[in-house]
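There are 2 protein chains.
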Amino acid sequence: MSSTPEVDFFDRLVEAKILLPTGIDGLPGRSGMFEEVGDRLHKAILRAGADDQPETMHFPPAINRKMFEKAGFLKSFPQLAASIFSFYGNDAQHRELVQRIDEGHPWADLQGMTDCCLNPSACYPLYPEVARSGLPAEGRIVAMWAYVFRHEPSKDPARMQMFRQLERVCLGTQDKVVAWREKWMNRGIEVLSSLGLPVTLQTAADPFFGRAGRMLAANQKEQKLKFEITCPITSEEKPTAIASFNYHQEHFTKMFNIKLPDGSLAQTACLGFGQERCTLALYATHGLDTAKWPESVRKVLWQ
Amino acid sequence: MSSTPEVDFFDRLVEAKILLPTGIDGLPGRSGMFEEVGDRLHKAILRAGADDQPETMHFPPAINRKMFEKAGFLKSFPQLAASIFSFYGNDAQHRELVQRIDEGHPWADLQGMTDCCLNPSACYPLYPEVARSGLPAEGRIVAMWAYVFRHEPSKDPARMQMFRQLERVCLGTQDKVVAWREKWMNRGIEVLSSLGLPVTLQTAADPFFGRAGRMLAANQKEQKLKFEITCPITSEEKPTAIASFNYHQEHFTKMFNIKLPDGSLAQTACLGFGQERCTLALYATHGLDTAKWPESVRKVLWQ
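Heads up: the protein sequence lines correspond to chains A and B, in order. Converting from the first sequence to this note's numbering requires adding 321 to each position, the first position being numbered 1. Converting from the second sequence to this note's numbering requires adding 321 to each position, the first position being numbered 1.
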């Protein structure tokens, strides 16, 4: 049996009781210490970004399906999207459901689609909220965290199906939005470097679906709409993206009709730190025993 | 148009920007202050339960479908359960998916069932984990929080489809488990009373499905397997359950073959505080402006 660096790292994390296997790739449980590192990372990012004076909001992991259909994610990334199904049957259909499960037969056809999908990216529910509550001339900056789902089961512990994004969105004029993203790319490098992580900033593209998707990805990269901060987790050659900085131009504001008071379409940008990926980068870089992490790193987290 | 106390309360929460409507019943966004109250409530419960010296773990909102089938939730509560579907098609099927969405036609048949369901109750993923990692003679107490999903769309802001449970599970001998649940029923009343909530402890039953379910519920109530702490949120006559205390006997340990070192089946009990429901109870009791909450309540939360 040949192994891979990803499987080896996962096995070491399980042995150290940092991740807990559940039998599903990309869906591990997390130890209390893993959670604490993530919480403290979150606090460090909030401290670093206090000058934004952001509003804070939180949306649950499930979102409005109609809104999600409109937002276009299913056009670009159908393979990653998840919809929520439930049981709408009567007593007789329930007996059949139970019998099928007992006998190990498929039961998907006894489920019907609900009004909800799972959120694949923290910022989606924000756009309809801003369309509802309005955008002043000075724009808005909103800090959020969200549990997101992406259907991409993997043996790589850094590619979870369900993980948390520590997110911010800036909405306003082009000048404001572009300058804000620029500021945060530098700040992201600063915060993650202060945690001793060997990070690099680079242009990137999203995993658009199918043949047409390759064009979209090339275009995104050429226009420098997406930057990622990467850090080696299981490979020096293929470092993992642990934060991303996305300039949407008018993509979402056109879709949700978000305008500035002068009637012009607003622009947006978002940034997200992957809570689990940043935490895993810390374990990969500094070792599996947090008590032995460098004093400078512990000071930033446990200040 | 006649309204209800539930709809009125939701409207007041929206007007005060505490909850954010998303167009789906039971799936609102939360304000930063709503989140802060919930976090501080969580900390108050952790402080009150420090003598448990619990292990801490966290599991994501999606869980292993095979495990979930085994755990029997779909037998008892199929109407509340949710399964996760995704897209497994090629380029041509993707074009059809996009066309159907654009034209407003159903697209459920272009989705296939994944290996994941949504977790309806924080403690489910713990049982297979303990079966894997073992149970010493003195038992285990595990503290967790989880985002759970229940398919029961409602206009009542206290009946969300996706909410957080602040949970503990005790596994061990009958004596240990029964005494632990007893201790926590008193402690639950103490903690929530210290927050100025007019709470009551009472026996309760789960919402078992169908005709056979009525028998199960009556039996559960007669055996006092479930207690709830209730608090008026939108009605004095029908107070809302904001915490529950459940004695499972050998239900889960038989299912997952969890034994004590002497070879006997262990027993389990769990307790959960509904983070959103407790927070809503605080707003309903003390008003929508946290700055004006009684000094004694603020002291417990913001100590």
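Just so it is clear, CB atoms sit at the ideal spot from N, CA and C, and this is done for glycine as well.
Residue range of the unbroken alpha helix (DSSP H) whose run includes residue i
i	result
R453(B)	447-454
T555(B)	Unbroken run through T555(B): none, as it is neither H nor E.
S407(B)	Taken as a continuous stretch (DSSP letters only), S407(B) belongs to no alpha helix (DSSP H), being part of the beta strand (DSSP E) at 403-407.
H572(A)	572-577
D436(A)	No alpha helix (DSSP H) holds D436(A); the beta strand (DSSP E) holding it covers 433-439.
S352(A)	Run containing S352(A): none in the alpha helix (DSSP H); it sits in the beta strand (DSSP E), 350-352.
H415(B)	412-424
K338(A)	From DSSP, K338(A) is part of no alpha helix (DSSP H); its letter is neither H nor E.
F398(B)	No alpha helix (DSSP H) holds F398(B); DSSP gives it neither H nor E.
Beta-carbon proximity check, residue i vs residue j, cutoff 8 angstroms
i	j	result
P451(B)	L492(B)	One detail in the question is off: residue 451(B) reads as Val in this sequence, not Pro. Taking 8 angstroms as the Cβ cut-off, V451(B) and L492(B) qualify as a contacting pair.
T524(B)	F355(B)	no
W401(A)	P446(A)	Note on residue identity: the sequence assigns Leu, not Trp, to residue 401(A). Against a cut-off of 8 angstroms, the Cβ pair of P446(A) and L401(A) comes out as no contact.
F573(B)	L487(B)	no
L592(B)	R461(B)	no
V490(B)	C444(B)	yes
R351(A)	H379(B)	yes
G433(A)	F406(A)	yes
L581(B)	A590(B)	no
E390(B)	I422(A)	yes
A369(A)	R508(A)	yes
C627(A)	S404(A)	Missing from the structure shown is residue 627(A); chain A here goes from 322 to 624 and no further.
L633(B)	F548(B)	An answer regarding residue 633(B) cannot be provided, because it is not within the stretch 322 to 624 covered by chain B.
V463(B)	P375(B)	yes
G347(B)	S475(B)	yes
P326(A)	T494(A)	no
A510(B)	I563(B)	Just to set this straight, residue 510(B) is Ile in the shown sequence, not Ala. Not closer than 8 angstroms, so no.
Contact list for residue i against chain A, beta-carbon separation under 9 angstroms
i	result
V419(B)	L395, K396, P399
E503(B)	What E503(B) touches in chain A: nothing, since even the nearest Cβ is about 26 angstroms away.
Residue-chain proximity (residue i, chain B), Cβ-Cβ < 8 angstroms
i	result
Q570(A)	no
M483(A)	yes
I630(A)	The question about residue 630(A) has no answer, for chain A in this structure spans 322 to 624.
P446(A)	yes
E557(A)	no
F330(A)	no
A456(A)	The displayed chain sequence assigns Leu, not Ala, to residue 456(A). False, the Cβ-Cβ gap to chain B never drops below 8 angstroms.
L341(A)	yes
H415(A)	yes
C437(A)	yes
C-beta neighbour in chain A for residue i, strict 8 angstroms
i	result
R351(B)	yes
E450(B)	yes
M434(B)	yes
I422(B)	yes
R531(B)	Contrary to the premise, residue 531(B) reads as Gly rather than Arg in this sequence. Chain A, which has a Cβ nearer than 8 angstroms to the Cβ of G531(B), makes this yes.
H379(B)	yes
E390(B)	yes
L622(B)	no
E356(B)	yes
Inter-residue CB distance, residue i and residue j (contact presumed, cutoff 8 angstroms)
i	j	result
A526(A)	K545(A)	10 angstroms between Cβ atoms; not a contact.
F577(B)	P457(B)	Going by Cβ atoms, the distance from F577(B) to P457(B) rounds to 17 angstroms, so no, they are not a contact pair.
T561(A)	V358(A)	With 8 angstroms as the limit, T561(A) and V358(A) do not qualify as a contact, their Cβ atoms being about 16 angstroms apart.
F408(A)	P399(B)	4 angstroms
A479(B)	R361(B)	The Cβ separation is near 19 angstroms, so there is no contact.
L609(A)	L516(A)	Contact doesn't hold; Cβ gap of about 16 angstroms is too wide.
Q482(B)	A392(A)	20 angstroms between Cβ atoms; not a contact.
V512(A)	A605(A)	No, V512(A) and A605(A) are not in contact; Cβ-Cβ is about 17 angstroms, not under 8 angstroms.
T343(A)	N385(B)	5 angstroms
D332(B)	R532(A)	The pair is not a contact, with the Cβ atoms about 48 angstroms apart (cut-off 8 angstroms).
L395(B)	L334(A)	Contact doesn't hold; Cβ gap of about 31 angstroms is too wide.
Beta-carbon neighbours of residue i, restricted to chain B and to distances below 8 angstroms
i	result
A429(A)	S404, F406, G433, M434
N507(A)	By Cβ distance, chain B contributes nothing, its closest Cβ being about 26 angstroms from N507(A), past 8 angstroms.
E376(A)	G353
Run of the beta strand (DSSP E) containing residue i, from where it starts to where it stops
i	result
M465(A)	461-470
C591(A)	588-595
V490(B)	483-493
E473(B)	Element bounds for E473(B): n/a, residue is neither H nor E.
L522(A)	521-524
N385(B)	383-385
T611(A)	Where T611(A) is concerned, there is no enclosing beta strand (DSSP E), given that its DSSP letter is neither H nor E.
Amino acids of chain B, ordered along the chain, whose beta-carbon sits closer than 7 angstroms to that of residue i
i	result
A383(A)	L348, F470, Q482, M483
Contacts of residue i in chain B (Cβ-Cβ under 9 angstroms)
i	result
F577(A)	Those do not exist, as F577(A) stays about 12 angstroms from chain B at its closest Cβ, beyond 9 angstroms.
D412(A)	F530, G531, R532, A533
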